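Notes for the one structure printed next.
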Amino acid sequence: MDNTQLSIRDLRVRYVTEDETVNAVNGISLDINEGQSLGLVGETGAGKTTTALSILKLLPKPTGRIESGTITFRGTDLASASEEVMRKIRGNEISMIFQDPMTSLNPIFTVGAQIAEVIGLHNKLSAEETLKRAGDMLELVGIPRARSNEFPHQFSGGMKQRVVIAIALACNPKLLLADEPTTALDVTIQAQVLAMIRDLKQRLNTSLLLISHDLGVVAQVCDTVAIMYAGEIVEYGALAEVYEKPLHPYTEGLFGSIPRLDLKRKRLNPIRGLMPNPADLPSGCAFHPRCPYAQDACAVTVPATTEAEGRKLRCLMYEGKIENRMRTSNG
2 MDNTQLSIRD LRVRYVTEDE TVNAVNGISL DINEGQSLGL VGETGAGKTT
52 TALSILKLLP KPTGRIESGT ITFRGTDLAS ASEEVMRKIR GNEISMIFQD
102 PMTSLNPIFT VGAQIAEVIG LHNKLSAEET LKRAGDMLEL VGIPRARSNE
152 FPHQFSGGMK QRVVIAIALA CNPKLLLADE PTTALDVTIQ AQVLAMIRDL
202 KQRLNTSLLL ISHDLGVVAQ VCDTVAIMYA GEIVEYGALA EVYEKPLHPY
252 TEGLFGSIPR LDLKRKRLNP IRGLMPNPAD LPSGCAFHPR CPYAQDACAV
302 TVPATTEAEG RKLRCLMYEG KIENRMRTSN G
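At position 224 of the sequence shown the residue is numbered 225 (the working numbering), and the sequence of numbers has no breaks.
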């Protein structure tokens, strides 16, 4: 029995203005099964948030557009779905936790009213039942229901994020998109929020797409990871395997640029250079200007998606077109 909740195939997204065309997402494919947690990791500008916004068809208009590809959610192609269909799905079957809890809540409505609005839109309940359910959701994320009548400014950053999560989970969605859900929080509150997301996901059997630039955050919550660079997924597989032995040079570079307690190093090894401008991507492999293993073919040949050691990769090394000079382990 197929338990795939979300299947993305060859998704391409562009932002088109009078001045330039930004190639934000360039042919990505991924799957999320029922109850699965997938971490989408990459630097700022890699196309992670655009991928999530594409799933919900919330790309900024008129510049953002899905050029090609399919986004299949439980048998429905969202890429070609009407706005009427999307309104029934958003907040009900697919919910999203946005990056900044400080700006995700409406300052002139109580938190209880904002949770109740989502419940009321998708459920035929009386006003009394809706408010009770809103209180239940606050309790679920660790906030007393007595605070339902308070406004966002009366909550700390961590508490606001809990309210945002309560709104996202109010209708028991099948899929939760979490876009950098802990970015604006301090380390202690970050750990609490991640533990809560993990607990609620397991309790409600919700599938999760977690977007982050932080490999540690992804490790705490996810079982599968996709590494994204310049709008492409360059490495995709089981989290434990990717973390133990990264196969793509960019993945290796990410791990080399973070501190490790088990290794004595005088200096970290950051990836040289900067993420390329998505409006002016380099020829060949997009990573080749920064890659320590780049060879002549990398500047002219676009890598295809291939499989090696049980995961998907985009690198000419794994197509046999250049010599494989990668180190064999993480560290």
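C-beta atoms are modelled at their ideal positions from N, C-alpha and C, and glycine is treated no differently.
Note that this is a predicted model, so its numbers are computed, not measured.
Residue from the options with nearest C-alpha to residue i
i	options	result
histidine 123	Leu248, Thr302 and Ile95	Ile95
arginine 13	Gly70, Val23 and Pro61	Gly70
isoleucine 144	Arg91, Gln162 and Glu233	Gln162
glutamate 242	Glu253, Glu233 and Gly232	Glu253
asparagine 325	Met97, Pro250, Val301 and Gly46	Pro250
glycine 40	Tyr294, Ile272, Met229 and Gly311	Met229
alanine 298	Ala309, Ser284, Thr307 and Ile190	Ser284
isoleucine 98	Val112, Thr50 and Pro108	Thr50
valine 341	His214, Ala192, Leu60 and Asn4	No information on residue 341 is available, as it lies outside the stretch 2 to 332 that the chain covers here.
glutamate 233	Asn150, Ile33 and Gly46	Gly46
asparagine 27	Val235, Lys313 and Leu106	Val235
arginine 273	Leu282, Val112, Cys292 and Asp281	Cys292
proline 271	Pro102, Ile323, Glu44 and Val164	Glu44
aspartate 32	Leu282, Tyr319, Gly321 and Tyr237	Tyr237
proline 247	Asn150, Asp281 and Tyr319	Tyr319
alanine 147	Gly136, Gln221 and Ile323	Gly136
glutamine 296	Val119, Leu314, Met276 and Lys322	Lys322
asparagine 278	Thr306, Ala231 and Ala309	Ala231
glycine 113	Ile198, Arg134 and Leu126	Arg134
Same chain, Cβ closer than 8 angstroms to residue i, neighbours up to 5 away in sequence not counted
i	result
threonine 207	Gly36, Leu170, Asn173, Pro174, Lys175, Leu176, Leu177 and Leu201
leucine 216	Val42, Tyr244, Leu255, Phe256 and Ile259
glycine 311	Gly238, Ala239 and Glu242
asparagine 331	Unreliable placement is indicated for asparagine 331, whose pLDDT of 46 sits below 50; the coordinate value is still reported in the next sentence. Within the same chain, asparagine 331 has close Cβ partners Tyr244, Glu245, Lys246, Pro247, Glu253 and Phe256.
asparagine 34	Asn4, Thr5, Gln6 and Ser208
leucine 205	Leu170 and Asn173
Residues near residue i in its chain [Cβ-Cβ closer than 7 angstroms; skip 5 each side]
i	result
arginine 10	Ser30, Gly70 and Thr71
arginine 15	Thr22, Val23, Asn24, Ala25, Arg66 and Glu68
alanine 167	Ile116, Met138, Leu139, Leu141 and Val142
alanine 53	Met97, Leu178, Asp180, Leu210 and Ile212
methionine 103	Gly158, Lys161 and Ala185
glutamine 100	Asp180, Glu181 and Thr184
valine 301	Ser284 and Gly285
threonine 111	Ser149, Asn150, Glu151 and Phe152
Residue i classed as buried or exposed, judged by whether at least 16 other C-beta atoms fall within 10 angstroms
i	result
threonine 329	Annotation note: pLDDT 49 at threonine 329 (below 50); position unreliable, no value reported.
alanine 196	exposed
histidine 289	buried
alanine 128	exposed
threonine 183	buried
serine 55	buried
proline 335	Outside the shown range of the chain (2 to 332) lies residue 335, about which nothing can therefore be said.
lysine 1	Outside the displayed span of the chain (2 to 332) sits residue 1, for which this structure offers no information.
glutamate 19	exposed
isoleucine 109	exposed
glycine 76	exposed
leucine 336	There is simply no residue 336 to check, as the chain begins at 2 and stops at 332 in what is shown.
glycine 48	buried
alanine 227	buried
serine 38	buried
valine 194	buried
valine 188	exposed
arginine 268	exposed
arginine 91	buried
serine 149	buried
leucine 314	buried
cysteine 223	buried
Contacts around residue i, its chain only, beta-carbon distance under 6 angstroms, and the 5 residues preceding and following it disregarded
i	result
phenylalanine 156	none
cysteine 286	Cys299 and Pro304
leucine 186	Gly158 and Gly159
tyrosine 294	Pro250 and Arg326
cysteine 316	His249 and Pro304
phenylalanine 74	Leu7
glycine 121	Thr131
glutamine 191	Thr183
valine 165	Ile98, Pro102 and Ser105
leucine 79	Ile72
According to DSSP, residues forming a beta bridge with residue i
i	result
threonine 22	Val17
leucine 7	Ile33 and Phe74
glycine 40	Leu211 and Val226
leucine 178	Met97 and Leu210
glycine 136	Paired residues: none, contrary to the question.
isoleucine 116	According to DSSP, isoleucine 116 bridges with nothing at all.
isoleucine 67	Val14
asparagine 27	Arg13
Any chain D beta carbon closer than 8 angstroms to residue i
i	result
alanine 147	The displayed structure is made up of one protein chain only, and chain D is not part of it.
Segments of 4+ residues assigned as alpha helix (DSSP H) that fall wholly inside the segment 214 to 256: 216 to 222 and 240 to 245
Scan the segment 263 to 317 and note each continuous beta strand (DSSP E) run of 3 residues or more that stays entirely inside, going in chain order. 306 to 309 and 312 to 315
Start-end ranges of the alpha helix (DSSP H) lying completely within the segment 78 to 105, minimum 4 residues: 84 to 90 and 102 to 105
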